[in-house]
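Same order as they appear, the protein sequences are chains A and B. Just so we're aligned, residue 627 is where the first sequence starts under the working numbering, counting upward by one. Just so we're aligned, residue -1 is where the second sequence starts under the working numbering, counting upward by one.
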Amino acid sequence: LAKTTQPISMDSYEGQEVNITCSHNNIATNDYITWYQQFPSQGPRFIIQGYKTKVTNEVASLFIPADRKSSTLSLPRVSLSDTAVYYCLGGRGSGNTGKLIFGQGTTLQVKP
Amino acid sequence: EAQVTQNPRYLITVTGKKLTVTCSQNMNHEYMSWYRQDPGLGLRQIYYSMNVEVTDKGDVPEGYKVSRKEKRNFPLILESPSPNQTSLYFCASSKSHSNTQYFGPGTRLLVL
C-alpha cells in the first residue's frame, strides 16, 4: 500500500537550516518527488521537484538517496515568513494510475 | 493570469441538500483533481481526471461525484452532503499527473 509519511510538526529559529524528511515507500520508477508549501487561507504551491540525488533552487534544496524511498527538503536560513505547512508528494496509488498520495503535511513554526 | 478558480469560496449548507463546487483552469491542463484537507490528515485526493471524460477515484471518493465534460472544468458534486463532509476542499490542475500541481484557493464547506 502506497504511503507517504512525514513529521507532523517542527520548530525552528530564524537563521537556522531546517530539514524535513519524507518517506515514500512505494515510489514508482518514473515518479518525481515534489514538495509544496501552504500558507493559511491559501492553496499549496510548488517549492521544488527532483528525481534523484540533489536539486537546488532559489528557495530550497532537495536531497534524494539512491533508493528514492525518502527525500529531505532543506530550507537554508529560515525566516518568520517560512512558517507554513510543507507537503511531500512522493508517489501514486498502486499500479500505473493517476492517483496521487500526499504526506500528512509538516507544520513548520519559525520563532524569532 | 494562469490560475485555478473555485466557487464558492465559503458554503454553509444542511444535511442532504445537493451542492456543486465548481473548478475551472485556464492553462489547458489535462490532469485535474479534487482534495479535501482536514486537521492532522493532510491532503487526501477525492477524485482525479486524466483527461476529458476520464475520471477515477482517489483515496476518499465516498459521497462525492465528479464530471469532466470540458477540459477546463471539473465540478465536485455532493449529492447528499453529511456533516462528515465538512472540510476544506482544493481543486488542482497540471499538465499530467507527474507535473507540478496548481491549486485553487480552496472552498470551505460546513454541513450542518
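Quick reminder that beta carbons are idealized off the backbone N, C-alpha and C, glycines included. No experiment lies behind these values; they were computed from the predicted model shown.
From the options, residue whose alpha carbon lies closest to that of residue i
{"i": "Pro37/B", "options": "Lys737/A, Val736/A, Leu734/A and Gln730/A", "result": "Gln730/A"}
{"i": "Leu726/A", "options": "Thr105/B, Pro6/B and Ser47/B", "result": "Ser47/B"}
{"i": "Val704/A", "options": "Cys714/A, Tyr713/A and Gln735/A", "result": "Gln735/A"}
{"i": "Leu86/B", "options": "Phe101/B, Pro79/B and Leu107/B", "result": "Leu107/B"}
{"i": "Tyr33/B", "options": "Val12/B, Leu110/B, Ser80/B and Phe72/B", "result": "Phe72/B"}
{"i": "Val685/A", "options": "Lys695/A, Ser667/A, Leu699/A and Thr679/A", "result": "Leu699/A"}
{"i": "Ser649/A", "options": "Phe689/A, Ser638/A and Arg671/A", "result": "Phe689/A"}
{"i": "Ser687/A", "options": "Val644/A, Pro670/A and Tyr639/A", "result": "Val644/A"}
{"i": "Thr655/A", "options": "Tyr712/A, Thr631/A, Asp708/A and Tyr677/A", "result": "Tyr677/A"}
{"i": "Gly40/B", "options": "Pro633/A, Pro691/A, Pro738/A and Thr723/A", "result": "Pro633/A"}
Three-state secondary structure (DSSP) of residue i
{"i": "Ser1/B", "result": "Position check: residue 1/B holds Gln in this sequence, whereas Ser was assumed. Gln1/B: coil per DSSP, three-state reduction."}
{"i": "Leu107/B", "result": "strand"}
{"i": "Asn26/B", "result": "coil"}
{"i": "Leu39/B", "result": "coil"}
{"i": "Asn97/B", "result": "coil"}
{"i": "Asp54/B", "result": "strand"}
{"i": "Gln675/A", "result": "strand"}
CB contact below 8 Å: residue i versus chain B
{"i": "Thr723/A", "result": "yes"}
{"i": "Gly729/A", "result": "yes"}
{"i": "Leu701/A", "result": "no"}
{"i": "Leu688/A", "result": "no"}
{"i": "Leu734/A", "result": "no"}
Below-8 Å beta-carbon distance, residue i vs any chain A residue
{"i": "Met48/B", "result": "yes"}
{"i": "Gln43/B", "result": "yes"}
{"i": "Tyr8/B", "result": "no"}
Assumed close pair residue i, residue j - CB separation to whole angstroms, cut-off 8 Å
{"i": "Glu77/B", "j": "Lys63/B", "result": "6 Å"}
{"i": "Met30/B", "j": "Arg66/B", "result": "7 Å"}
{"i": "Trp626/A", "j": "Ile673/A", "result": "Because chain A is modelled from 627 through 738, residue 626/A falls outside the range shown and cannot be assessed."}
request  = Please list the residues of the stretch 640 to 674 of chain A that have a C-beta atom closer than 8 Å to any C-beta atom in chain B, keeping them in chain order.
outcome  = Residues of the stretch 640 to 674 of chain A whose Cβ lies closer than 8 Å to any Cβ of chain B, in chain order: Asn656, Asp657, Tyr658, Thr660, Tyr662, Ser667, Gln668, Gly669, Pro670, Arg671 and Phe672.
inquiry  = What are the residues in the stretch 63 to 81 of chain B lying within 7 Å of chain A by C-beta distance?
reply    = Contact residues of the stretch 63 to 81 of chain B toward chain A are absent (C-beta to C-beta distance below 7 Å).
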